[in-house]
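Trainee: Numbering (the working numbering), first residue to last: 2 to 421.
Following this message is one structure expressed as structure tokens.
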Ligand code: PLP
């Protein structure tokens, strides 16, 4: 089947994400989805191993979410949240406050993960301005970290290995620290926090760093970070945009680790991948510094699509599914299958490491390889898998059938053999 006209005609005008447009392989046309399968323009069905950048927790076409969005669309696509209240974001805020750990209970909605992290950073900085008048503008972030592509979030990504090194010098320099935090690293960080009095917050992807290479660390690291933040009065921010909604096997990584941050960000699977929506959730302690008779202490942030009704309808329906369908059990079953199917690769000479946590399995190869070629080869195998650097990973929808998951696992084994 020939390529659809819209692709060949649009390709001269569209500017694609993370792509060198001159040399990037021609993207393949997707024309439909069904469950965890992507239907291609040439008639093939691919088993999706990455759930569209880790968003489609329930597969792509769950009728409960689609109906909720249709329903909302027929009543009212959206009205602005400034000055008007509508049901979906209000219901969603209440539900997120109830389900997130500790007293995380004040929810600000944005439309992308990067902006949710920007808002978290802005809240952390303003917290200090409101509380003590201090201009604390700095953050501790971590090697291997990824928090988005906007200017503030670029500053807290890994400055060397991350994709934003081009802008070094143009974005604020932050204090970037290695993970995990063992006792020695904890005393070094303690020292850092004692020396630098301009620190607003420590910002980390808890338990699992995603786009920086699917790196895992233990709960003890997060407990040490919590203790250090408490000792120095610095805020702790968990970016759960990737880890939230079951990816680590628990609803939130913070729950799994038993550590409650002061601010949490959510995105990606918040709507089950159906619509763009993200959230920044602050604790009562943080919110209290904004809740004041002084208008100047308000959070001055308000994206046009703040609390978008369709996104919030999708998110409310997605939360229903976490209540009524066994997603966390499914995540645990995926983890068991990933351990069984990928752990053995640890012994292959071409493999540097295998990392599995919840519904994420990653094989890091020892040598560079052509990511573009590997992606194309996966498509030839009927699989949609997108290695990141040297890391071949699976982050399927939590609803993936075991037979499909086994094909994905076999594909990763086969690719590792080919690249060995
Ligand atoms: N934070 C984390 C942990 C992420 O994984 C991502 C995206 O991959 C982001 C933030 C940025 O989210 P978005 O791409 O929706 O802006």
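Here a beta-carbon is modelled for each residue, glycine too, at the ideal position from N, C-alpha and C.
Computed from a predicted model, the values in this text were never measured in an experiment.
Pair every Cβ in the stretch 166–177 with every Cβ in the stretch 321–328, then say whether three or more of these pairs are closer than 8 Å.
Mentor: no
Trainee: How would you write the range of the beta strand (DSSP E) that residue 41 sits in, first residue to last?
Mentor: Residues 38–41.
Trainee: Measure the alpha-carbon distance for residue 424 versus residue 333 and round it to whole angstroms.
Mentor: Nothing in the structure corresponds to residue 424, since the chain is present only between 2 and 421.
Trainee: According to DSSP, is residue 235 part of a helix, a strand, or is it coil?
Mentor: coil
Trainee: Can you confirm whether the stretch 262–282 touches the stretch 344–362 when touching is taken to mean that 3 or more C-beta pairs between the two stretches lie within less than 8 Å?
Mentor: no
Trainee: Please find out if some non-hydrogen atom of the ligand PLP comes closer than 7 Å to the beta-carbon of residue 54.
Mentor: yes
Trainee: Considering only residues of the stretch 354–390, which uninterrupted alpha helix (DSSP H) runs meet the minimum length of 4 residues and lie entirely inside it, listed in chain order?
Mentor: 372–381
Trainee: Under 8 Å by Cβ, that's how I've got residue 274 and residue 58 pegged, so tell me the actual separation to the nearest angstrom.
Mentor: At roughly 7 Å, the Cβ-Cβ gap stays under 8 Å, so residue 274 and residue 58 are in contact.
Trainee: Are there 16 or more other CB atoms within 10 angstroms of the CB of residue 19, so buried, or fewer, so exposed?
Mentor: The residue in question, residue 19, is exposed, as its Cβ has fewer than 16 Cβ neighbours within 10 Å.
Trainee: Which one or two residues does DSSP pair with residue 393 in a beta bridge?
Mentor: Under DSSP, the beta-bridge partners assigned to residue 393 are 364.
Trainee: Could you pull out every residue in the same chain whose Cβ sits closer than 8 Å to the Cβ of residue 377, ignoring the five residues on either side in sequence?
Mentor: 26
Trainee: Apart from the five residues on each side of it in sequence, which residues of its chain come closer than 8 Å, Cβ to Cβ, to residue 417?
Mentor: 346, 349, 351, 352, 364, 366 and 393
Trainee: Can you list, in chain order, the residues of its chain whose CB lies under 8 Å from that of residue 250, leaving out five sequence neighbours each side?
Mentor: 257, 329, 332, 333, 336, 358, 359 and 360
Trainee: In terms of residues, what are the limits of the alpha helix (DSSP H) holding residue 343?
Mentor: 328–343
Trainee: Closer than 7 Å to a non-hydrogen atom of the ligand PLP - does that hold for the CB of residue 148?
Mentor: yes
Trainee: Compute the Euclidean distance between the alpha carbons of residue 125 and residue 297, then round it to the nearest angstrom.
Mentor: 16 Å
Trainee: Measure from the C-beta of residue 227 to each C-beta in chain B and report whether the shortest distance is under 8 Å.
Mentor: Among the chains in the structure shown there is no chain B, since it carries only a single protein chain.
Trainee: Return helix, strand or coil for residue 416, following the three-state DSSP convention.
Mentor: Helix.
Trainee: Candidates 29, 12 and 30: which alpha carbon is nearest residue 22's?
Mentor: 12
Trainee: State whether the stretch 198–207 contacts the stretch 115–125, with contact taken as three or more CB pairs (one from each stretch) at a distance under 8 Å.
Mentor: yes
Trainee: Can you give me the start and stop residues for the beta strand (DSSP E) that residue 24 sits inside?
Mentor: Segment: none, residue 24 is in no beta strand (DSSP E) and carries neither H nor E.
Trainee: Can you find at least 3 beta carbon pairs, one from the stretch 306–325 and one from the stretch 82–99, that sit closer than 8 Å?
Mentor: yes
Trainee: Tell me, to the nearest whole angstrom, how far the beta carbon of residue 217 is from that of residue 223; I am working on the premise that it is less than 8 Å.
Mentor: Going by Cβ atoms, the distance from residue 217 to residue 223 rounds to 12 Å, so no, they are not a contact pair.
Trainee: Compute the Euclidean distance between the alpha carbons of residue 35 and residue 236, then round it to the nearest angstrom.
Mentor: Pairing residue 35 with residue 236, the inter-Cα distance amounts to about 42 Å.
Trainee: Kindly indicate which residue of 78, 261, 134 and 55 has the alpha-carbon position closest to the one of residue 290.
Mentor: 134
Trainee: Where does residue 419 land, buried or exposed, given buried means 16+ other C-beta within 10 angstroms?
Mentor: Residue 419 should be labelled exposed.
Trainee: With distance defined between alpha-carbon atoms, name the residue in 87, 283, 272 and 143 nearest to residue 190.
Mentor: 143
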